[in-house]
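**Student:** Here the sequence shown is numbered in this note's numbering, starting from 1 and rising by one per residue. We treat Cβ as the ideally placed atom computed from N, Cα and C, and that holds for glycine. Before I ask anything, let me first share the structure, which is written out below as C-alpha cells.
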Amino acid sequence: MTDLPDTDYTQRFIFDDSDTRGELVALERSYAEVLAKHPYPEPVAQLLGELMAAAALLVGTLKFDGLLILQARSEGPISLLMIECSSEREIRGLARYDADLIAADATLADMMPNGMLALTVDPTQGQRYQGIVDLDGATLSDCFTNYFVMSQQVGTRFWLYADGRRARGLLLQQLPADRLKDEEERAASWQHITALGSTLTADELLSLDNETVLHRLYHEEQVRLFDVQKLRFRCSCSRERSANALVSLGLEDAQALVVEHGGNIEIDCQFCNQRYLFDAADITQLFTGAGVDTPSDTRH
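Here it is, written out as C-alpha cells:
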C-alpha cells in the first residue's frame with residue numbers, strides 16, 4: 001500500500017460483521033496545486049486541505065453526475081472557503097481571507113466566527129439541492145459530523161487533517177440494518193467502531209498508509225478494503241465560459257466595458273489564476289457568432 005500509483009485517491013472499506021462502511025482519502029498533488037495558486041497562511045492552508053478531504057469523501061457517498069460544492073462562510077478573518085469536486089473526481093478550491101488578522105495558532109472559531117457551512121449538489125440533470133448548517137464545531141470534522149446529524153439523520157463521523165503538504169480524511173457511516181437487526185446491538189457496534197476511530201491521531205493518519213491505519217484501529221474486526229479511486233486537480237474555467245459571460249451582458253454593455261478598461265476586458269479565474277483577455281475585435285466576433293478562438297493573448 002505504500003507504493004500506490006498515485007498520491008490522490010479515496011479508498012472504501014466495509015465491516016463484514018457490522019452495518020458500517022468507511023472511506024479514506026489522501027490528497028497531495030491536487031492539494032499542492034490548490035495551494036500553489038495563492039500565498040495562503042498556514043492555518044488557512046490547513047482548513048482548505050481539510051475541506052478538500054471532506055469533499056473527496058462526500059462525492060463518493062453521492063450517486064449523481066454533476067458537481068458537489070462545499071462553501072464555508074463567515075464574517076471573520078476567513079470570509080470564504082470553497083471546494084468544488086465533480087462526479088468525475090476532479091477537484092479545485094480557494095479561500096478568501098485577511099492574513100493580517102490570522103494568528104499562527106488560530107482556531108476555526110477564531111478564523112470563522114458565526115460561520116455557516118453549505119453543501120450543494122448540482123446535478124447535470126435534475127434538481128439542485130443545498131443543505132446548510134452552522135459552523136458550530138471546534139473543528140471542520142465536528143461541523144461535518146453535525147451536518148449529517150442535523151440534516152441526514154444518518155450515523156456519520158468525520159476525521160479530517162491537513163498539514164500544508166498532505167490532506168487526509170476518514171469517514172465512517174452507518175448502513176441500513178442488515179447484519180445487525182437488534183437496535184441495541186446495532187447501537188453498541190456503532191459506538192464501538194466510532195470510539196476506536198476517535199483514537200486515530202493526526203500524525204498517524206497523515207503518515208501511514210490505509211492498510212496500516214485500518215489494522216491499528218480494527219485489527220480485531222473483519223474489514224474489507226476496496227480498490228482506490230483516483231482524484232485530480234482540474235479547473236473548469238475556459239475561454240469559452242468567459243466569453244459566454246460577456247455575451248450575457250449584451251453587445252452594448254460588453255463594448256462599453258472594453259472602453260472602460262482601456263481596450264481589454266480581463267476575466268480572471270479565482271481558482272487557478274488563469275487570465276482571459278478580450279479586446280474590441282473579440283467582442284465583435286463573439287456577437288457575430290464567430291466563436292471565441294482569436295489571436296488575443298490568454299496568459300497566467
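Note the first and the last residue of the continuous alpha helix (DSSP H) segment covering N264.
**Tutor:** Numbered from its first residue, the sequence shown carries residue 264 at position 264. N264 -> not in any alpha helix (DSSP H); beta strand (DSSP E) instead, spanning 264-268.
**Student:** Does the stretch 233-246 come within contact of the stretch 189-208, defined as at least 3 CB pairs closer than 8 Å?
**Tutor:** no
**Student:** Given this structure, state the Cα-to-Cα distance separating G262 from N244, to the nearest angstrom.
**Tutor:** Residue numbering aside, residue 262 sits at position 262 when the sequence shown is read from its first letter. Residue numbering aside, residue 244 sits at position 244 when the sequence shown is read from its first letter. Rounded to the nearest angstrom, the two C-alpha atoms are 21 Å apart.
**Student:** According to DSSP, D136 sits in a beta bridge with which residue or residues?
**Tutor:** Translated into the one-based positions of the sequence shown, residue 136 becomes position 136. Note: D136 sits in no beta bridge, so no partner.
**Student:** State the DSSP-derived secondary structure class of D16, mapped to helix, strand or coil.
**Tutor:** If you number the sequence shown from 1, residue 16 lands on position 16. D16 falls in the coil class under three-state DSSP.
**Student:** Take G250 as the anchor and find which of F271, I283, L225 has the nearest alpha-carbon.
**Tutor:** On the sequence shown, position 250 is the one that residue 250 refers to. Looking at the Cα atoms, I283 is the closest of the given residues.
**Student:** Can you grab the Cα-Cα spacing for the pair R92 / K230, in whole Å?
**Tutor:** What you label residue 92 is simply residue 92 of the sequence shown in a count that begins at 1. What you label residue 230 is simply residue 230 of the sequence shown in a count that begins at 1. Cα to Cα, R92 sits roughly 14 Å from K230.
**Student:** Compare the beta carbon distance of F158 and L171 with 8 Å and say whether it is the shorter of the two.
**Tutor:** The residue you call residue 158 lines up with position 158 of the sequence shown. The residue you call residue 171 lines up with position 171 of the sequence shown. Yes, these two residues count as a Cβ contact at 8 Å.
**Student:** Around the C-beta of E185, are 16 or more other C-beta atoms found within 10 angstroms, so that it is buried, or is it exposed?
**Tutor:** As a working mapping, residue 185 is identified with position 185 in the sequence shown. So E185 counts as exposed.
**Student:** When you compare the CB positions of V59 and R89, do they come within less than 8 Å of one another, or not?
**Tutor:** Position 59 of the sequence shown, counted from the start, is the residue given in the question as residue 59. Position 89 of the sequence shown, counted from the start, is the residue given in the question as residue 89. In contact: V59 and R89 (Cβ atoms closer than 8 Å).
**Student:** Quick one: Cα of F278 to Cα of Y97, how far?
**Tutor:** Locating residue 278 in the sequence shown gives position 278, counting from the first residue. Locating residue 97 in the sequence shown gives position 97, counting from the first residue. C-alpha separation (whole angstroms): 29 Å.
**Student:** Nearest-angstrom Cα distance between Y218 and A54?
**Tutor:** Within the sequence shown, numbered from 1, the residue matching residue 218 stands at position 218. Within the sequence shown, numbered from 1, the residue matching residue 54 stands at position 54. In this structure, the alpha-carbon of Y218 lies about 22 Å from that of A54.
**Student:** Could you check whether A95 and L119 sit closer than 8 Å to each other, using their CB atoms as the reference points?
**Tutor:** One-based indexing of the sequence shown puts residue 119 at position 119. One-based indexing of the sequence shown puts residue 95 at position 95. Against a cut-off of 8 Å, the Cβ pair of A95 and L119 comes out as no contact.
**Student:** How big is the Cα-Cα spacing for Q173 and L117?
**Tutor:** Numbered from its first residue, the sequence shown carries residue 173 at position 173. Numbered from its first residue, the sequence shown carries residue 117 at position 117. About 20 Å.
**Student:** What are the complete alpha helix (DSSP H) segments, minimum 4 residues, inside the stretch 89-145?
**Tutor:** The stretch 89-145 contains these whole alpha helix (DSSP H) runs: 108-111.
**Student:** Measuring CA to CA, which of Y161, Y276, A254 is closest to F287?
**Tutor:** As a position in the sequence shown, residue 287 is number 287, starting the count at 1. Among Y161, Y276, A254, the Cα nearest to that of F287 is on A254.
**Student:** Where does E50 land, buried or exposed, given buried means 16+ other C-beta within 10 angstroms?
**Tutor:** Numbered from its first residue, the sequence shown carries residue 50 at position 50. With 16 or more other Cβ atoms within 10 Å, it is buried.
**Student:** Compute the beta-carbon to beta-carbon distance between S86 and F64, rounded to the nearest angstrom, for a pair I have assumed lies under 8 Å.
**Tutor:** Sequence index remark: in the sequence shown, residue 86 carries index 86 (1-based). Sequence index remark: in the sequence shown, residue 64 carries index 64 (1-based). The Cβ separation is near 10 Å, so there is no contact.
**Student:** So which of L57, L47, A99, S198 has the shortest CA-CA distance to M82?
**Tutor:** Within the sequence shown, the letter at position 82 stands for residue 82. Comparing alpha-carbon positions, the option among L57, L47, A99, S198 lying closest to M82 turns out to be L47.
**Student:** Once DSSP output is grouped into helix, strand and coil, what is the label at Q285?
**Tutor:** Within the sequence shown, numbered from 1, the residue matching residue 285 stands at position 285. Helix.
**Student:** Using only the alpha-carbon positions, how far apart do R216 and R179 sit?
**Tutor:** Start at 1 with the first residue of the sequence shown, and residue 216 comes out as number 216. Start at 1 with the first residue of the sequence shown, and residue 179 comes out as number 179. Taking the straight line from one Cα to the other gives about 24 Å.
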